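Chains as they are written, first to last, in the working numbering: chain A, 14 to 341; chain B, 350 to 604.
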């Protein structure tokens with residue numbers, strides 16, 4: 014571990030993990046209502062409930078949601094060898110949105126014990142993934158270009174179907190759908206939140222362990238295969254875990270774009286393209302970015318709230334353009 | 350004793366289109382084989398089949414006496430290395446990161462060992478690309494990148510090197526260095542099979558000539574025999590002939 018690049022990589026990973034931890038402590042303090050920490054600590058209401066049931070849970074959702082989206086982005090970018098790929102490019106996230114919107118329109122509150130929106134989002138993502146993989150498979154080989162093309166097409170179809178469902182829904186459902194489609198963090202109850210965090214952490218561990226194989230795939234499938242990676246099971250694991258990350262996050266936050274694109278891109282240009290560094294840094298910094306955008310959205314026009322999805326796009330878009338102008 | 354590589358009566362087709370049939374060739378350690386043929390003759394396909402990237406429709410390919418379908422991907426990658434014709438290596442990886450990828454089959458650990466780093470450095474020195482180890486691939490010229498890719502193959506420390514047009518993008522001096530380096534690898538006991546379109550490069554550095562035509566092996570001869578009996582030249586063009594340089598070395602000229 015004496016290599017200088019290792020040290021700088023370690024510093025980046027440790028630094029972004031630290032930022033993640035600091036964000037978890039500081040961001041719950043931001044919000045429209047005044048909060049007395051002493052009172053909250055003593056368990057006095059309403060400060061205790063505001064802190065624990067509104068702010069902390071929402072911050073955790075932002076941190077792990079952003080982390081999941083950024084990690085999924087970096088994973089899809091490696092597998093498809095395309096810096097613009099995210100679960101949105103493949104239509105997986107939009108499929109999840111469509112499923113969730115259908116669940117709202119049909120008034121499915123609970124399906125098989127899970128909230129209807131979750132079930133809808135997971136089912137939507139699974140159907141899209143299956144469709145594009147079947148469309149892009151020829152002679153038992155999945156073509157990356159085929160996946161991208163099928164994904165772009167599926168994305169448009171799902172967006173159109175969302176508009177259709179939206180238009181056909183009744184007044185109150187239509188309002189709920191609009192609100193959901195903006196992509197925002199809301200306070201979540203702890204049991205589903207903790208389940209979600211467990212899923213994200215487990216998948217992150219599974220994905221992160223294979224970082225060297227994602228590096229190989231980012232150069233080419235033949236390259237990876239002739240360096241000892243088992244490409245087909247690897248791609249299967251990657252697409253499945255990336256889609257679960259995207260779908261569960263969409264289920265809890267609505268569609269939030271840009272995190273999966275901008276965070277890995279910044280880390281790749283500024284720090285390293287090596288997925289052993291890129292993936293953990295993207296994970297932690299993606300979380301920090303989304304949770305921070307949400308905190309900004311809570312206070313900037315208080316008492317009104319700006320959805321986190323709008324802030325990530327407003328900050329991420331111009332920054333990405335700036336980065337492209339100055340680094341190419 | 351088994352040859353390092355035995356290709357026995359293989360064929361390959363995609364749908365109804367037959368690309369290769371009845372291809373047999375044995376390659377021993379120490380050989381540097383020039384794999385030649387006109388565009389679309391099936392050179393890259395043959396290399397892909399040997400690399401295990403595709404399975405032959407008929408026949409058997411064996412490495413060290415064992416069919417490659419029985420090898421694990423990792424064992425195979427420790428024994429042979431393949432340089433594909435097209436790789437997506439314009440990305441943000443540094444040259445050294447790419448070369449270190451060649452060490453993956455040797456240890457699946459999360460971090461490469463000091464030994465892995467040394468092997469990568471040796472390979473980069475031999476390919477003349479150590480000086481830009483820290484540079485990102487996107488900042489390298491085509492020839493510089495090609496040398497980095499070659500170094501990544503050498504870093505695998507394989508017994509069999511399969512190279513699809515290794516001299517692409519290289520300037521003439523670099524082409525000569527590349528081929529003399531491969532010749533040295535063969536002299537050290539490895540076997541090399543390189544696809545090339547440059548007949549003079551093949552005659553100067555290789556030990557054996559393998560020409561594909563009509564979906565199969567049209568010529569398989571040592572370089573000396575190929576020069577002695579140059580009928581195979583007509584497979585490429587009717588305008589080629591063997592001449593001699595003032596130093597007496599065979600040279601293919603065109604009229």
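Glycine residues also receive a C-beta, built at the ideal position from the N, C-alpha and C atoms.
Please read these numbers as outputs of a predicted model, since none were measured by experiment.
Nearest residue (CA-CA) to residue i, options the options
i: residue 380(B); options: 442(B), 353(B), 599(B) and 359(B); result: 353(B)
i: residue 196(A); options: 222(A), 164(A), 257(A) and 263(A); result: 263(A)
i: residue 317(A); options: 32(A), 37(A) and 44(A); result: 44(A)
i: residue 468(B); options: 491(B), 480(B), 481(B) and 500(B); result: 500(B)
i: residue 288(A); options: 66(A), 265(A) and 217(A); result: 217(A)
i: residue 566(B); options: 529(B), 383(B) and 488(B); result: 383(B)
i: residue 377(B); options: 561(B), 541(B), 552(B) and 585(B); result: 541(B)
i: residue 390(B); options: 372(B), 425(B), 443(B) and 462(B); result: 372(B)
i: residue 506(B); options: 489(B), 492(B), 414(B) and 471(B); result: 471(B)
i: residue 387(B); options: 424(B), 573(B), 414(B) and 564(B); result: 564(B)
i: residue 293(A); options: 105(A), 213(A), 177(A) and 129(A); result: 213(A)
i: residue 610(B); options: 602(B), 569(B), 455(B) and 496(B); result: Any property of residue 610(B) remains undetermined from this structure, which presents chain B solely from 350 to 604.
i: residue 520(B); options: 490(B), 498(B), 503(B) and 596(B); result: 490(B)
i: residue 271(A); options: 65(A), 206(A) and 78(A); result: 78(A)
i: residue 33(A); options: 72(A), 66(A), 57(A) and 21(A); result: 72(A)
i: residue 326(A); options: 269(A), 313(A), 283(A) and 46(A); result: 269(A)
i: residue 28(A); options: 230(A), 169(A) and 297(A); result: 297(A)
For residue i, the three-state DSSP class (helix, strand or coil)
i: residue 179(A); result: helix
i: residue 517(B); result: coil
i: residue 455(B); result: coil
i: residue 303(A); result: helix
i: residue 558(B); result: strand
i: residue 20(A); result: helix
i: residue 359(B); result: strand
i: residue 590(B); result: strand
i: residue 305(B); result: Residue 305(B) lies beyond the stretch modelled for chain B, which goes from 350 to 604, so this question has no answer here.
i: residue 443(B); result: strand
i: residue 546(B); result: coil
9 Å Cβ cutoff, residue i in contact with chain A
i: residue 429(B); result: yes
i: residue 419(B); result: no
i: residue 552(B); result: no
i: residue 460(B); result: yes
i: residue 444(B); result: no
i: residue 542(B); result: no
i: residue 400(B); result: yes
i: residue 363(B); result: yes
i: residue 469(B); result: no
i: residue 532(B); result: no
i: residue 415(B); result: no
i: residue 524(B); result: no
i: residue 505(B); result: yes
i: residue 355(B); result: no
Below-9 Å beta-carbon distance, residue i vs any chain E residue
i: residue 231(A); result: Among the protein chains of the structure shown, namely A and B, there is no chain E.
Test: residue i CB closer than 9 Å to a CB of chain B
i: residue 186(A); result: no
i: residue 239(A); result: yes
i: residue 168(A); result: no
i: residue 19(A); result: yes
i: residue 285(A); result: yes
i: residue 336(A); result: no
i: residue 30(A); result: no
i: residue 222(A); result: yes
i: residue 24(A); result: no
i: residue 71(A); result: no
i: residue 68(A); result: no
With 16 other Cβ atoms within 10 Å as the buried cut-off, status of residue i
i: residue 90(A); result: buried
i: residue 251(A); result: buried
i: residue 355(B); result: buried
i: residue 54(A); result: exposed
i: residue 365(B); result: exposed
i: residue 394(B); result: buried
Per-residue contacts from residue i into chain B (C-beta, under 7 Å)
i: residue 236(A); result: 433 and 436
i: residue 151(A); result: Going along chain B, no residue has its Cβ under 7 Å from residue 151(A), so there is no contact; the nearest lies around 10 Å.
Chain A residues whose Cβ lies nearer than 8 Å to that of residue i
i: residue 423(B); result: 241
i: residue 454(B); result: 240 and 241
i: residue 451(B); result: 240
i: residue 447(B); result: 232
Where residue i meets chain A, residues with beta-carbon distance less than 7 Å
i: residue 385(B); result: Under the 7 Å cutoff, chain A gives no residues; its nearest Cβ is about 21 Å from residue 385(B).
Neighbour list for residue i in chain B, Cβ cutoff strictly below 8 Å
i: residue 282(A); result: 441
i: residue 289(A); result: 459 and 460
Proximal residues of chain B, C-beta to C-beta of residue i below 9 Å
i: residue 94(A); result: 437 and 440
Listed by chain order, chain A residues near residue i by CB distance under 9 Å
i: residue 426(B); result: 238, 239, 240, 241 and 242
Any non-hydrogen atom of the ligand PLP closer than 8 Å to residue i Cβ
i: residue 431(B); result: For the ligand PLP, the structure offers nothing, since it holds no ligand at all.
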